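Undergrad:
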Amino acid sequence: MERLIIIGGGAAGMTAASWTRRLKPNIDITVFESTKMVSHAPCGIPYFTEGLFDDENLFMTYTPEYFAEKRKINVKINSKVEEVDLRSRTITVRENQENKKYEFDYLLLSTGAKPKKLNAEGDRIFYVHHPADASYIRQKLWSFDRIAIIGGGILGIEMAEALRARGKKLVLIHRGKYLLNKMLDEDMGKIITDKVGSEIELKLNESLISVTERGRLIVTDKGKYEVDATVVGIGVEPNVDLVKDQLKIGETGAIWADNHMRTSFENVYAAGDSTESINIITKKPDWVPFAPVANKMGFVAGNNIGGKDVTFPGVIGTMITKFEEYVIAKTGITENDAKRHNIKTVSATVHHKTRARYYPGSKDIIVKLIAEANTMRIIGAQIIGEEEVLGRLNMMAAVIQKGFTAEELFFVETGYVPPVNRVWDAITLAARKLYTGISGE
Numbered sequence: 001m002e003r004l005i006i007i008g009g010g011a012a013g014m015t016a017a018s019w020t021r022r023l024k025p026n027i028d029i030t031v032f033e034s035t036k037m038v039s040h041a042p043c044g045i046p047y048f049t050e051g052l053f054d055d056e057n058l059f060m061t062y063t064p065e066y067f068a069e070k071r072k073i074n075v076k077i078n079s080k081v082e083e084v085d086l087r088s089r090t091i092t093v094r095e096n097q098e099n100k101k102y103e104f105d106y107l108l109l110s111t112g113a114k115p116k117k118l119n120a121e122g123d124r125i126f127y128v129h130h131p132a133d134a135s136y137i138r139q140k141l142w143s144f145d146r147i148a149i150i151g152g153g154i155l156g157i158e159m160a161e162a163l164r165a166r167g168k169k170l171v172l173i174h175r176g177k178y179l180l181n182k183m184l185d186e187d188m189g190k191i192i193t194d195k196v197g198s199e200i201e202l203k204l205n206e207s208l209i210s211v212t213e214r215g216r217l218i219v220t221d222k223g224k225y226e227v228d229a230t231v232v233g234i235g236v237e238p239n240v241d242l243v244k245d246q247l248k249i250g251e252t253g254a255i256w257a258d259n260h261m262r263t264s265f266e267n268v269y270a271a272g273d274s275t276e277s278i279n280i281i282t283k284k285p286d287w288v289p290f291a292p293v294a295n296k297m298g299f300v301a302g303n304n305i306g307g308k309d310v311t312f313p314g315v316i317g318t319m320i321t322k323f324e325e326y327v328i329a330k331t332g333i334t335e336n337d338a339k340r341h342n343i344k345t346v347s348a349t350v351h352h353k354t355r356a357r358y359y360p361g362s363k364d365i366i367v368k369l370i371a372e373a374n375t376m377r378i379i380g381a382q383i384i385g386e387e388e389v390l391g392r393l394n395m396m397a398a399v400i401q402k403g404f405t406a407e408e409l410f411f412v413e414t415g416y417v418p419p420v421n422r423v424w425d426a427i428t429l430a431a432r433k434l435y436t437g438i439s440g441e
């Protein structure tokens, strides 16, 4: 009987296990997960921290028992893989305080990402990363009054919203000159920066020097901050420690895989946040550690292990988050990204409303489109609004992935009804502005 071992029970691992099972009913599938949770949703941690739900089991789409009973997948939780030997096709696992060896015919590496850490230690320094730790972190953070957040990316913004809702006094320290600077261009990022800065104490352009006193004293190049605890959100990196000396690691630091999710070692696959891909726009290696990408990589890996030829098209970097009433979204590349790749661009920004003039409750929405200057192919979109953002984001993801020009996007036959849109959609207006060079409704 063929044996598939999967290291990591997150989105990619469990999706791959399920699709392999569909195609190979008799293959032996074992998933090793170092925590108590599989099929988990780390993106829910800020909302759990805020107190919007209390049952930590809701972090799991399906339980280990479900996979065992319904899909005949052997899930071993609290089982840490200590060593992988690709040549002998074995792994060593720490289970019940002893090491056990397992052999495989196929191996899927879905080891995910790990938080970047400070050169500091303390029981009041918290890394918000895995749902298995969410209850402990929430209990601790709820007991403190003044909390520092290091990092103004997506996690920093979401934790700021959550902790502010709990009535905490916050100071958010960010080394960039505006928030979400890896997601947005400065003109769009300033909108969110102004909003967050009006709600909490915000320190921009400050480089961290040290965190001491167990997480209660923060020193930057511009000041000192005394707090009760520190939440660190300075980014993540691919978790490749188990195999980095045995197979090809890509330019991004993640595991290299082809478009079938095959690594450089025969019958060894990789998927999810530990895995590199190709950016559809730049044609360069890219790493997008987000759940929708991980799930689809897992789908591709599972199908190919199961014997069905499926390819992964690559990534474009779709992201979405929120802070209070604002939903913030981006897909494709930014103008900053384009400069790094020597791509000449033109852009158009439209400030619009979400409903007809006469329909009550209309909200603001801002759309920025970016096109390649020579071809007018749409390569990026950034959207900030109080409603109807996600639908526009998903539309733009499809437009960018399929290479629409500004003219083609302008002529897309969009829907219209007064309660949710205007006759001239914000996307259509931005596309027209790119296409004709003329603004206005």
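Numbering-wise (the UniProt record's numbering), the sequence shown opens with residue 1 and increments by one.
Just so you know, even glycine gets a beta-carbon here, dropped at the ideal spot from N, CA and C.
It should be emphasised that the depicted structure is a prediction, and the values quoted were computed from it without experimental measurement.
Which first and last residues belong to the beta strand (DSSP E) in which residue 115 is found?
TA: Taking the sequence shown and counting its residues from 1, one reaches residue 115 at position 115. Taken as a continuous stretch (DSSP letters only), the beta strand (DSSP E) holding residue 115 covers 113-115.
Undergrad: What do you get for residue 1, buried or exposed, if any count of 16 or more other CB atoms within 10 angstroms of its CB means buried?
TA: Taking the sequence shown and counting its residues from 1, one reaches residue 1 at position 1. So residue 1 counts as exposed.
Undergrad: What span of residues does the beta strand (DSSP E) with residue 385 cover, start to end?
TA: For the purposes of this step, residue 385 is taken as residue 385 along the sequence shown, with counting starting at 1. Its beta strand (DSSP E) spans residues 378-385.
Undergrad: Considering residue 332, what are the terminal residues of the beta strand (DSSP E) in which it resides?
TA: Stepping through the sequence shown from its first residue, residue 332 is reached at position 332. Residue 332 -> beta strand (DSSP E) spans 326-332.
Undergrad: Are there three or more Cβ pairs, one per stretch, closer than 8 Å when the stretch 217-228 is compared with the stretch 236-253?
TA: Verdict: no, contact absent.
Undergrad: Checking the sheet assignment: what are the DSSP bridge partners for residue 161?
TA: Locating residue 161 in the sequence shown gives position 161, where the first residue counts as 1. Answer by DSSP bridge pairing: none, since residue 161 is not bridged.
Undergrad: Can you tell me whether residue 468 is helix, strand or coil according to DSSP?
TA: Any answer about residue 468 is impossible in this case: the structure gives the chain only from 1 up to 441.
Undergrad: To the nearest angstrom, how far is it from the Cα of residue 467 to the Cα of residue 410?
TA: This structure gives no information on residue 467, because the portion of the chain shown stretches from 1 to 441.
Undergrad: Would you tell me roughly how many angstroms separate the C-alpha atoms of residue 343 and residue 372, rounded to the nearest one?
TA: Position 343 of the sequence shown holds residue 343. Position 372 of the sequence shown holds residue 372. Cα to Cα, the separation comes out at about 7 Å.
Undergrad: Can you look up residue 285 in the DSSP assignment and give me helix, strand or coil?
TA: Within the sequence shown, numbered from 1, the residue matching residue 285 stands at position 285. Residue 285: strand per DSSP, three-state reduction.
Undergrad: Three Cβ pairs or more, each shorter than 8 Å: is that satisfied between the stretch 66-85 and the stretch 24-35?
TA: Short answer: they touch.
Undergrad: Would you check if the stretch 143-161 and the stretch 171-187 touch, i.e. whether three or more CB-CB distances between them fall below 8 Å?
TA: Flag = yes, the stretch 171-187 and the stretch 143-161 touch.
Undergrad: Indicate whether the contact test is met: 3 or more Cβ pairs, each with one atom in the stretch 233-241 and one in the stretch 255-274, closer than 8 Å.
TA: Because the criterion of three Cβ pairs below 8 Å is met, the stretch 233-241 and the stretch 255-274 touch.
Undergrad: Using CA atoms only, rank isn't needed, just tell me which of 362, 254 and 378 is closest to residue 345.
TA: If you number the sequence shown from 1, residue 345 lands on position 345. Nearest C-alpha to residue 345: 378.
Undergrad: Go through the stretch 171-231 residue by residue and report every complete run of the alpha helix (DSSP H) that reaches 4 residues or more, in order.
TA: If we require 4 residues or more, the alpha helix (DSSP H) runs fully inside the stretch 171-231 come out as 186-199.
Undergrad: If I measure Cβ to Cβ from residue 130 and keep anything under 7 Å in the same chain, skipping five residues before and after, which residues do I get?
TA: In the sequence shown, the residue the question calls residue 130 occupies position 130. The answer, listed in chain order, is 35 and 42.
Undergrad: Do you know how far the Cα of residue 287 is from the Cα of residue 20?
TA: Along the sequence shown, read from residue 1 onward, the residue named residue 20 stands at position 20. Along the sequence shown, read from residue 1 onward, the residue named residue 287 stands at position 287. If I take the Cα positions, the gap works out to 24 Å.
Undergrad: Between which two residues does the beta strand (DSSP E) carrying residue 238 extend?
TA: As a first step, residue 238 is located in the sequence shown; it is residue number 238 there, counting from the start. It spans 236-238 - the beta strand (DSSP E) in which residue 238 sits, taken as one unbroken run.
Undergrad: If you draw a straight line from the C-alpha of residue 282 to the C-alpha of residue 99, how long is it?
TA: Counting from one through the sequence shown, the residue named residue 282 turns up at place 282. Counting from one through the sequence shown, the residue named residue 99 turns up at place 99. Going by the C-alpha atoms only, they are around 44 Å apart.
Undergrad: Going by DSSP, what residue range makes up the beta strand (DSSP E) through residue 262?
TA: The residue labelled residue 262 in the question sits at position 262 within the sequence shown. First-last for residue 262: undefined, no H or E at that position.
Undergrad: If we ignore side chains and look at the alpha-carbon of each, how far apart do residue 94 and residue 103 end up?
TA: Numbered from its first residue, the sequence shown carries residue 94 at position 94. Numbered from its first residue, the sequence shown carries residue 103 at position 103. Using only the alpha carbons, I get a separation of about 15 Å.
Undergrad: When DSSP builds the beta bridges, which residues end up paired with residue 442?
TA: Residue 442 is absent from the model: the chain starts at 1 and stops at 441.
Undergrad: Does the distance from the CB of residue 406 to the CB of residue 435 come in under 7 Å?
TA: Within the sequence shown, the letter at position 406 stands for residue 406. Within the sequence shown, the letter at position 435 stands for residue 435. Yes; because the gap between Cβ atoms is below 7 Å, this pair is in contact.
Undergrad: Quick one: is residue 341 buried, meaning 16 or more other Cβ sit within 10 Å of its Cβ, or exposed?
TA: Position 341 of the sequence shown, counting from 1, holds the residue named residue 341. Exposed is the call here.
Undergrad: Taking Cβ to Cβ, would you say residue 319 is nearer than 7 Å to residue 297?
TA: What you label residue 319 is simply residue 319 of the sequence shown in a count that begins at 1. What you label residue 297 is simply residue 297 of the sequence shown in a count that begins at 1. No.
Undergrad: Evaluate residue 352 with the Cβ neighbour count: other Cβ atoms within 10 Å of its Cβ, from every protein chain shown; 16 or more gives buried, anything less gives exposed.
TA: Numbered from its first residue, the sequence shown carries residue 352 at position 352. That one is buried.
Undergrad: So, with DSSP's three-state summary, where would you put residue 133?
TA: Counting from 1 along the sequence shown, the entry for residue 133 is found at position 133. Note: residue 133 maps to helix in three-state DSSP.
Undergrad: Out of 426, 332 and 125, which has the shortest C-alpha to C-alpha gap to residue 364?
TA: Position 364 of the sequence shown holds residue 364. Residue 426 is the option with its Cα nearest to residue 364.
Undergrad: Does the beta-carbon of residue 124 have 16 or more other beta-carbons within 10 angstroms, so that it is buried, or is it exposed?
TA: Taking the sequence shown and counting its residues from 1, the one referred to as residue 124 is at position 124. It counts as buried.
Undergrad: So what does DSSP say about residue 32, is it helix, strand or coil?
TA: Against the sequence shown, residue 32 aligns to sequence position 32. Strand at residue 32.
Undergrad: Near residue 233, which residues of its chain fall below 7 Å by C-beta distance, leaving aside the five closest residues on each side in sequence?
TA: For the purposes of this step, residue 233 is taken as the residue at position 233 of the sequence shown. 128, 149, 150, 151, 153, 155, 156 and 159, listed in sequence order.
Undergrad: With residue 293 and residue 315 assumed to form a contact (beta carbons below 8 Å), what rounded beta-carbon distance in angstroms separates them?
TA: For the purposes of this step, residue 293 is taken as residue 293 along the sequence shown, with counting starting at 1. For the purposes of this step, residue 315 is taken as residue 315 along the sequence shown, with counting starting at 1. Confirmed, Cβ separation roughly 6 Å.
Undergrad: To the nearest angstrom, how far is it from the Cα of residue 54 to the Cα of residue 47?
TA: Within the sequence shown, residue 54 is the residue found at index 54, counting from 1. Within the sequence shown, residue 47 is the residue found at index 47, counting from 1. Cα to Cα, residue 54 sits roughly 10 Å from residue 47.
Undergrad: So residue 82 is in the beta strand (DSSP E); what residue range does that whole segment cover?
TA: Position 82 of the sequence shown holds residue 82. Unbroken beta strand (DSSP E) run through residue 82: 80-85.
Undergrad: Using alpha carbons as the reference points, say which of 185, 187, 136 and 170 lies closest to residue 202.
TA: One-based indexing of the sequence shown puts residue 202 at position 202. Nearest option by C-alpha distance: 170.
Undergrad: Around the Cβ of residue 326, are there at least 16 other Cβ atoms within 10 angstroms (buried) or fewer (exposed)?
TA: As a first step, residue 326 is located in the sequence shown; it is residue number 326 there, counting from the start. Under this definition residue 326 is a buried residue.
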